[in-house]
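J.: Position in the sequence shown (first residue = 1) + 346 = the numbering used here.
No residue lacks a Cβ here, since even glycine has one placed at the ideal position from N, Cα and C.
Take this structure, written in structure tokens, and hold onto it; I'll ask about it next.
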Amino acid sequence: MTAQTQSIPVLDHFSGLEDPRQSGKVLYPLEEIMLLVLCGQLAGADGFVETARWGSMNLDVLRRFRPFVYGVPSHDALSDLFNALNAEAFRDAFITFAQSLRKDDAVDPGDPHGAAPEVVAVDGKTSRRTGDKAKGRAALHLVSAWATEQRIVLGQEAVDGKENEIVAIPRLLEMLELTGMLVTIDAMGCQKAIAKTIRDKGADYLLPVKDNQPSLHEDIKVFFDEQRDLAFADCSALFHETTDQDHGRLEIRRHWSTGDIAWLTERHPWAGLASIAMIERVVERDGKAETSRHYYISSLPADAVLIARAARAHWGIENRLHWVLDVVFHDDLCRLRTGHGPQNAAIVRHIALNLLKAAKDRHRHSLKVTRKMAAWSTDYMCDVLCGHS
């Protein structure tokens, strides 16, 4: 194998993408542009101007993998292509790539159950600077599915400016392989249609119940209030407590879960509903304590330990995905506002994040340091691309 034909497994997943440009005018093959943009993202380039500059300074690196006969394209050429590239086809190719990274035996090593289902957290995030009020274009809002143990993005779906996450979430779930997993969503996703979609995909759900389901919320709240006063003498309930303390803050989390809900399923026929749970959080700081209670429905049998693990894992999407996209990948600085550009650029960030996560696991550095290592060493970047760093 020559240096110019060295394999890059990640690009193979995108080889079927249709080039939107006129074939007679293409100087830079689509796979070369994909390689350039991905390398720029790994190297810390913010936007296509920096990406094109990185490419012109590292053409010898790019030619390890592809010919780049005409050098690298301008930033305008990169922008035009990503604005025109079919976002749905790119998204589907990404989901196939993400699936190839998944490990079937990925289980939290600290989980006492060992074989507990993998938690997939679904949540939305807005790229704030991708909107254009003058042209009536809303900022890009993506709903992403996050494998909480493996910490990789499994897929994403754009929310149209005229809809909300409730419409986009089922579309995303339908595209993913979820068999045997536990899907968590915030209260907006607590909808009968979404619960049914999850069950139809062979997965289970854990959904918080709030005021958007007022009757269900009130019934569960009254039940736990009454049973707690009776020390759960009238039902079978499991209990689990955790304590965390740092920086002068003490948090006690108490979890109750019960499957004695025949009375509830008669009133609220949700797909596969098997248990309900309450989580009480007591936060003490500076001698003051605040208490809050949160209620959940689940298609899994009652299990307070699993509820504790899954509920906590869900919020990892905020500081292990959304925070990383903002702080490490500067997602909120993205100014693409034309065509499919914002969505396609977000997918590139997710590809880079997943590749860096795999490299991070092998070397046990933080994701921020791993990305800087790819920027500092083109050899290391190439290893990240090829999956053997």
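(1) Distance check for residue 370 and residue 438, CA to CA, integer angstroms please.
(2) If you compare alpha carbons, which of 542, 471, 436 and 620 is closest to residue 646?
(3) Rounded to the nearest angstrom, how far is the Cβ of residue 354 from that of residue 731, given a contact under 8 Å?
(4) Between residue 371 and the ligand HEM, is the CB less than 7 Å from at least one heavy atom?
(5) Going by the CB atoms, is the gap between residue 667 and residue 499 shorter than 8 Å?
(6) Go ahead and pull the three-state DSSP assignment for residue 470.
(7) Please report the straight-line C-alpha distance between residue 391 and residue 367, rounded to a whole angstrom.
(8) From residue 494 to residue 483, what distance separates their C-alpha atoms?
(9) Please report how far the alpha carbon of residue 496 lies from the alpha carbon of residue 578, in whole angstroms.
(10) Opposite residue 502 in the DSSP bridges: which residues?
(11) If I measure Cβ to Cβ from residue 687 and keep anything under 7 Å in the same chain, skipping five residues before and after, which residues do I get?
(12) Are at least three pairs of beta-carbons, each pair with one atom in the region 691-706 and one in the region 648-661, less than 8 Å apart?
(13) Is residue 347 buried or exposed, if buried means 16 or more other CB atoms sit within 10 Å of its CB?
(14) Is it right to say residue 644 is buried, meaning 16 or more other beta carbons lie within 10 angstroms of its own, or is it exposed?
(15) Determine the contact status of residue 388 and residue 727, defining contact as a CB-CB distance below 8 Å.
(16) Is DSSP giving residue 524 helix, strand or coil here?
(17) For the region 604-616 and the region 635-642, state whether three or more C-beta atom pairs, one from each stretch, are separated by less than 8 Å.
(18) By how many angstroms is the C-alpha of residue 358 removed from the C-alpha of residue 352?
T.: Answer, in terms of the structure:
(1) Rounded to whole angstroms, the gap between the alpha carbons of residue 438 and residue 370 is 27 Å.
(2) For the options 542, 471, 436 and 620, the alpha carbon positioned closest to that of residue 646 is the one of 620.
(3) Confirmed, about 5 Å.
(4) Annotation note on the ligand HEM: not contained in the displayed structure, which lists no ligands.
(5) Between residue 499 and residue 667, the C-beta gap is smaller than 8 Å, which places the two residues in contact.
(6) Collapsing the DSSP output to three states places residue 470 in a strand.
(7) Separation of residue 391 and residue 367 (C-alpha to C-alpha, rounded to the nearest whole angstrom) is 24 Å.
(8) For residue 494 and residue 483, the gap between their C-alpha atoms comes out near 32 Å.
(9) Cα-Cα distance, rounded: 37 Å.
(10) Under DSSP, residue 502 forms a beta bridge with 490.
(11) The answer, listed in chain order, is 425, 428 and 429.
(12) Fewer than three beta-carbon pairs drawn from the region 691-706 and the region 648-661 are found closer than 8 Å, and the two stretches are therefore not classed as touching.
(13) Residue placement at residue 347 cannot be trusted, given a pLDDT of 36 that sits under 50; what the coordinates show is reported in the next sentence. Only exposed fits residue 347, as fewer than 16 other CB atoms lie within 10 angstroms of its CB.
(14) Buried: at least 16 other Cβ atoms inside 10 Å.
(15) Going by C-beta atoms, residue 388 is nearer than 8 Å to residue 727.
(16) Residue state, collapsed to three classes: coil.
(17) No, they do not touch.
(18) Approximately 12 Å, taken between the alpha carbons.
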